[in-house]
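All remarks here apply to the structure that follows.
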Amino acid sequence: MIKAKGQSPVNPIVYVETSVVSYLTARPSRDLVIAARRMWTREWWGQAAQAWTPRISDLVLEEASRGDVQAAALRIEALRGIEALPITPDAG
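Here you go:
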């Protein structure tokens, strides 16, 4: 946590890409590596709001809304309330 002199603590910003929310909301897998990654992602997600300030972009929202309609709805719901950072020319 970062604290400027005379100010309240500020959590560092972390950019959440589409793969994170995909692992978070994916169906269970029998593949042990994939299952472990999903478990780690759920654990991280549960603690993220306390340690970091999550941010996404409109590109993440666009990617998360693609594919299976039900899976996309879960991804979009997980991202609800997370502020989207503007896409600048420097990002290209």
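So the sequence shown is numbered by numbering that gives the first Met the number 0: it starts at 0 and just counts up by one. Just so it is clear, CB atoms sit at the ideal spot from N, CA and C, and this is done for glycine as well. Computed from a predicted structure; not experimentally measured.
Tell me the DSSP bridge mates of residue i?
i          : result
residue 54 : 14
residue 84 : 56
Please look up how many angstroms separate the CB atoms of residue i and residue j, rounded, as I've assumed it's under 8 Å.
i          : j          : result
residue 23 : residue 44 : 5 Å
residue 50 : residue 63 : That belief does not hold up - the Cβ atoms of residue 50 and residue 63 are roughly 22 Å apart, past 8 Å.
residue 65 : residue 21 : Not a contact, Cβ separation roughly 10 Å.
residue 34 : residue 27 : 7 Å
Any idea if residue i is buried or exposed, counting beta-carbon neighbours within 10 angstroms, 16 or more meaning buried?
i           : result
residue 59  : buried
residue 125 : This structure leaves residue 125 out entirely; the chain is present only between 0 and 91.
residue 87  : exposed
residue 37  : buried
residue 31  : exposed
(message) Three or more C-beta pairs under 8 Å: does that hold for the stretch 9-24 against the stretch 54-69?
(response) yes
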